[in-house]
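> Residue numbers for the sequence shown follow this note's numbering, beginning at 1084 and rising by one.
Glycine is no exception: its CB is placed at the ideal position from the N, C-alpha and C atoms.
Handing you a structure now.
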Amino acid sequence: MRKRRILIVGGVAGGASCAARARRLSETAEIIMFDRGDYVSFANCGLPYYVGNVIKKEESLLMATPELFRRRFEIEVRLQTDVLTIDRENNRIQVKDLGSGETYHESYDALVLSPGASPIKPQMPGIDLPGIFSLRTIPDSRHIKAWITRNQAKHAVIVGGGYIGLEMTENLLKLGLAVTIVEMQPQVMPLLDPEMAAPVQGELVKHKVVLRLNETVVGFSGNGDHSITVKLNSGLTEVTDLVILSIGVRPEIQLARDAGLKIGQRGGIRVDEHMRTSDEKIWAVGDAVEVKDVITGQMGVIPLAGPANRQGRIAADVIMGRDAKFRGVQGTSVVGIIDLVAAFTGPSEKTLRQAGLWDEPARYEKIYLHPADHAGYYPGSTPISLKLIFDKNDGRIISAQAVGREGVEKRIDVISMAIQQNATVFDLEEAELCYAPQFGSAKDPVNLAGMIAANVLRGDAHIAHWSELDKDRIFLLDVRDPSEYKKGCVEGAVNIPLNDLRPRMAEIPKDQPVWSYCLVGQRSYYAARALSQYGYEIKSLSGGYITYLSNSDD
Ligand code: FAD
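Listed below in structure tokens is the structure:
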């Protein structure tokens, strides 16, 4: 009997996981994986750390070799092989051996496209100068390392302050380079809300990274030696030893588009929930496809390794006759920035507002908290700043963002899973999580987030947000200790410490709304609980003074 032929284009995250899964489900299929690059199944996520010498050996980046695929799985890998066209009518592809230049055809019963995404390289003067790099492949990282060594580089400009830009910043700092980040948005990490990105920016500035926000690069020029002059739209110029372009990626859709497969509005290959394209014999997975955001319902391109791997597995399942479905994404991500960690799951407030979903009508609420990552009495605890967005009507969790030093991603992972289970803030309140003092608290930050949000929904806590503060109308009450108040306060705030509140209540006007704040929002909540029972119209500012500082430019 003729063997079923599965051809896979792209042999990294999505392609390799599809190939291996297909073999686990069928010992009889013939599986061939093509990649135009030199490697299969390599760890692109490790590349910045290879540049920074954290990962010392290039071989460590190779998760599997063609030899391993052949011997362990009987999967044939053809490297340096470009898939040029898909002939859908005859179920075959045309490929080119980049070594010999020979082209030939291979026929398929099922074809899987996992061609990834390519770094965006905007057309502008000087863009092709030596010393300007993108980072996607092992050779890219090798070239960056060689350039730095050869030119004894002391300075780099990173264009784009997203996660690859920040990971490269961290690693170049490790190599002793000074770094400037140019970012067209007013903040780094544009997927975070600005007040959550503020600590990240603080960390960068602390390590002497120069941030050029609200700036775009308009061109580059060479200086006769290896150095490059970077020109910004403001007229500023910066001379540097190398430039890393990390302004995003674009799905690799050429092959699919040329074959007449449906492309979505967001520029990725259109697939159904079984990862099948508009051709019933062709599947597509990974960075090249459009996926549905489970919260907003909108299609988008989310270039992350986890979804690519899962989609590869799903495509294999479906090809082998199983009814597997991809649930969609919520963009759960984490990035390390020097000593800080930022993680998030689900859409930011900014994204929800841009999508017109926030006020539809007054649908979502948010809370901020800054609990310790583990019990304060156990040495070494550090704060986590957490923002939780939830549905006002039923308490369903929409998204979360967190920044801190320890335990950040663990909290986001728990909330991510809660979102996938359609859980509510009441579920977070009740969540049973592991605890010992060095790892967490009896009331874990996840529980606390649930409790605070549940208090809001039950009407026990009336909260306000700094962005809504109208100082002419509101009596602003600072309930911290005087020593804290003296170190810094919000202009116009009246300091009555929580412990003195009852005896000094007469100093607080009853004919005006009162907003209370403390350092993180806990004491101000106690104050609000007490004063509301004496007839005050009072709200507590969520996240307290720490969130205020993240909201302001101070
Ligand atoms: P890829 O892994 O890009 O593989 C596509 C392959 O297809 C490539 O090898 C390409 O050469 C080949 N190809 C394309 N077209 C053809 C063709 N016509 N013929 C033959 N071969 C072809 N994600 C995370 O979740 N966490 C991280 O920390 C993280 N860090 C990252 C750091 C860096 C520097 C980079 C570049 C990416 C990072 N990612 C991270 C993203 C993650 O690596 C991708 O989401 C994932 O690799 C996508 O898998 P894929 O199979 O779709 O594409």
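Taking the beta strand (DSSP E) that K1449 falls in, what are its first and last residues?
For K1449, the enclosing beta strand (DSSP E) covers residues Y1447 to L1452.
> For A1367, does the three-state DSSP call read helix, strand or coil?
strand
> Just to confirm before moving on: does the CB-CB distance between E1495 and V1377 stay below 9 Å?
Before going on, a small fix: residue 1495 reads as Ile here, not Glu. Their beta carbons are not under 9 Å apart, which means I1495 does not touch V1377 by this criterion.
> Can you tell me whether G1318 is buried or exposed, with buried defined as 16 or more other CB within 10 angstroms of its CB?
exposed
> Am I right that D1121 and Q1163 are in contact with their C-beta atoms under 8 Å? What's the rounded C-beta distance?
Their Cβ separation, rounded to whole angstroms, is 7 Å, which keeps D1121 and Q1163 in contact under 8 Å.
> Does the beta-carbon of P1592 have 16 or more other beta-carbons within 10 angstroms, so that it is buried, or is it exposed?
exposed
> For D1370 versus E1335, is the C-beta spacing smaller than 9 Å?
yes
> Kindly indicate which residue of G1604, S1615, T1415 and G1350 has the alpha-carbon position closest to the one of R1585.
Of G1604, S1615, T1415 and G1350, the smallest CA-CA separation from R1585 is found for S1615.
> What is the DSSP secondary structure of F1409, reduced to helix, strand or coil?
coil
> Does DSSP classify K1291 as helix, strand or coil?
coil
> Under 6 Å Cβ to Cβ from M1534, same chain only, skipping five residues before and after it: list those, please.
E1512
> Taking E1185 as the reference, give the member of N1173, Y1191, L1167 and W1549 with the closest Cα.
L1167
> Under the rule that 16 or more other beta-carbon atoms within 10 Å means buried, what is N1538, buried or exposed?
buried
> Let me check understanding here. Comparing Cα to Cα, which of A1126, M1500, I1397 and I1138 lies closest to L1258?
When each option's Cα is compared against that of L1258, the closest is I1138.
> Quick check on this structure: which residue in N1530, Y1133 and K1345 has the alpha carbon closest to the alpha carbon of I1365?
Answer by Cα proximity: K1345.
> Given 8 Å as the limit, is there contact between the region 1443-1460 and the region 1396-1416, that is, 3 or more CB pairs closer than that?
Contact between the region 1443-1460 and the region 1396-1416 is absent: fewer than 3 CB-CB pairs across the two stretches fall below 8 Å.
> Kindly indicate the opening and closing residues of the beta strand (DSSP E) around V1313.
DSSP places V1313 inside the beta strand (DSSP E), whose first and last residues are I1311 to L1315.
> What does DSSP give as the partner residue(s) for V1417 in the beta ladder?
A1426
> Note down the Cα distance separating S1607 from G1626, rounded to an integer number of angstroms.
10 Å
> Please classify T1232: does DSSP put it in a helix, a strand, or coil?
helix
> What does DSSP give as the partner residues of F1152 in its beta bridges?
DSSP lists no partner for F1152.
> Looking only at DSSP bridge pairs, what is S1201 linked to?
Its beta-bridge partners are R1333.
> Leaving out five residues on either side along the sequence, give the residues of the same chain with a beta carbon under 7 Å from the beta carbon of M1403.
A1105, L1108 and S1109
> From W1230 to R1219, what distance separates their C-alpha atoms?
As the crow flies, the alpha-carbon of W1230 is around 16 Å from that of R1219.
> Looking at L1090 and A1236, is the spacing between their C-beta atoms short of 9 Å?
no
> On a Cα-Cα basis, can you pick out the residue from V1529, A1514 and K1475 that is closest to E1492?
Looking at the Cα atoms, V1529 is the closest of the given residues.
> Mapping DSSP to helix, strand and coil, what is I1467?
strand
> If the criterion is Cβ atoms closer than 9 Å, does the pair V1300 and M1207 meet it?
Contact: yes.
> Which two residues bound the contiguous beta strand (DSSP E) that contains T1320?
T1320 to T1323
> Looking only at its own chain, which residues have a Cβ that is under 8 Å from the Cβ of A1613, when we skip the five neighbours before and after it?
L1584 and R1585
> So, for L1624: in the same chain, excluding its five sequence neighbours on each side, which residues have a beta-carbon less than 8 Å away from its beta-carbon?
I1546, A1547, H1548, W1549, L1552, W1598, S1599, Y1600, G1604, S1607, T1630 and Y1631
> Quick one: residues in its chain with C-beta nearer than 7 Å to the C-beta of Q1484, no 5 flanking neighbours on either side, listed in chain order?
L1275, D1276, M1279, F1427, S1431 and K1470
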